[in-house]
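Below is one structure, written out as structure tokens; comments come after it.
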Amino acid sequence: MTNVGFIGLGIMGEAMCRNLIRKGHAAVVFNRTPGKTAALEAEGARSATSPADVALRSDVVITMLADPDAVRRIYDGPGGIASVSLAEKVCIDMSTVSPECSRQTAASVAGAGGDFLEAPVLGSKKPATDGTLTILTGGDEALAEMLRPLLLAMGSKVVHMGGIGAAAHMKLIVNQMMGTILCVFGEAALTGLAAGLQAEKIIEVVMASGAASPVVGLKGPDMLGARRFETHFPLRHALKDMKLAVLAGDAMGVPTPVTAAVQQLFAVARERGFGDQDFSAVVRGLTGN
1 MTNVGFIGLG
11 IMGEAMCRNL
21 IRKGHAAVVF
31 NRTPGKTAAL
41 EAEGARSATS
51 PADVALRSDV
61 VITMLADPDA
71 VRRIYDGPGG
81 IASVSLAEKV
91 CIDMSTVSPE
101 CSRQTAASVA
111 GAGGDFLEAP
121 VLGSKKPATD
131 GTLTILTGGD
141 EALAEMLRPL
151 LLAMGSKVVH
161 MGGIGAAAHM
171 KLIVNQMMGT
181 ILCVFGEAAL
191 TGLAAGLQAE
201 KIIEVVMASG
211 AASPVVGLKG
221 PDMLGARRFE
231 THFPLRHALK
241 DMKLAVLAGD
251 AMGVPTPVTA
261 AVQQLFAVAR
271 ERGFGDQDFS
281 AVVRGLTGN
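Just so you know, the sequence shown maps onto residues 1 to 289 in our numbering.
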């Protein structure tokens, strides 16, 4: 059993923390939104008063936050994780952030005497609930290997990518590609529908072709049919990831014109009020409804 602190109890974080508790780990939890800890407290977690309080009461602190600004605030802000001694403690950031944010967080943790691992995840609400996430690690390989059993309490696969920043880069690549695929699928499929093709046939043929993609098979029926857009991965987070992917390309000297166009479409969908819906609602950036 490991004494784990968990900060960030959104769609992903709550499910991930619940799996840690169910696998026998003691959990201290904190979330900026009052009341978000109640469900986990009912399952045995203990509530903390601040990120610093979490760090003081834990051997391993896990953060699962919305964006780089939130990560910087939780680690370096007043009452933040790095405001207390982290000697003999490990911090794991599982948020989707920029490589530079990961390096900054690693420096803050090291400055407080602790060890740091970045560990962004592949998967959304259901894999987080089922404990089948793929977890990418960046940092010291021996530390990543030591933490593998703990990470596997939340996922089914752990892949070590390299030093700090490598896992963040890999996560952005995946999200960059998924966002782009959904956008071009939306454009193409809406054109087909306007021409009289049936939604089911469009999806059937695409999934039997070289253009097949799991994200189309998963999200396509709702995009072209019921259009409920139940939130598994919020559109506003996808927009953030597109922005980070463009910035990563800029930093590496690689043009990203396709991703920049995708970012604009996600921005349109958010401006139309769909930011809290699933990222497949990007199609609403094309239709407006």
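C-beta: ideal position from N, C-alpha, C; glycine also.
Predicted model only: the values in this text are computed from it and were never measured.
Spatially closest choice to residue i from the options, by CA coordinates
i: C183; options: M161, G8, P78, S280; result: S280
i: A128; options: M154, P149, E118; result: M154
i: V258; options: K219, A269, I181; result: I181
i: G35; options: R22, D59, T49; result: T49
i: N19; options: L133, E230, M223; result: L133
i: Q65; options: P51, D59, S58, P78; result: Going by the sequence as given, residue 65 is Leu instead of Gln. Checking every option, the nearest Cα to that of L65 belongs to P51.
i: G79; options: D53, A42, V254, G210; result: D53
Separation of residue j from residue i, as counted between CA atoms
i: P99; j: H169; result: 6 Å
i: N175; j: S124; result: 11 Å
i: Y75; j: A212; result: 41 Å
i: D250; j: T256; result: 8 Å
i: E271; j: I11; result: 22 Å
i: H232; j: M252; result: 31 Å
i: A144; j: I173; result: 21 Å
i: A45; j: V262; result: 40 Å
i: C315; j: L147; result: The requested residue 315 does not occur in the structure, where the chain is confined to residues 1 to 289.
i: A38; j: V206; result: 44 Å
i: V282; j: G113; result: 43 Å
i: P68; j: D59; result: 23 Å
Chain-order list of residues whose beta-carbon lies under 8 Å from that of residue i (same chain, five-residue window excluded)
i: F116; result: V90, C91, I92, D93, T105, A106, V109, A110, G139, I164
i: L286; result: G186, E187, L190, L265
Opposing strand residues paired with residue i [DSSP bridges]
i: C91; result: V61, F116
i: G138; result: E118, G162
i: G24; result: Answer is none; G24 lacks a bridge partner.
i: I7; result: F30, T63
i: L133; result: G155
i: S47; result: V29
Minimum Cβ-Cβ distance from residue i to chain B less than 8 Å
i: A166; result: No chain B is part of this structure, which consists of one protein chain only.
Other residues of its chain near residue i: CB distance less than 6 Å, five sequence neighbours each side excluded
i: F185; result: V216
i: E141; result: H160
i: G220; result: I203
i: A260; result: V246
i: F274; result: L235, A281, R284
Neighbourhood of residue i by C-beta distance below 7 Å, restricted to the same chain and skipping five residues each side
i: A167; result: E118, A119, P120, L136, T137, G138, M161
i: M178; result: V215
i: A55; result: G5, V61, I81, V84, L86, K89
What residue ranges within the region 146 to 196 form continuous beta strand (DSSP E) runs of no fewer than 3 residues, ordered along the chain?
155 to 162
Can you list, in chain order, the stretches of the alpha helix (DSSP H) that have 4 or more residues and sit fully within the region 207 to 287?
214 to 224, 235 to 252, 257 to 269, 284 to 287
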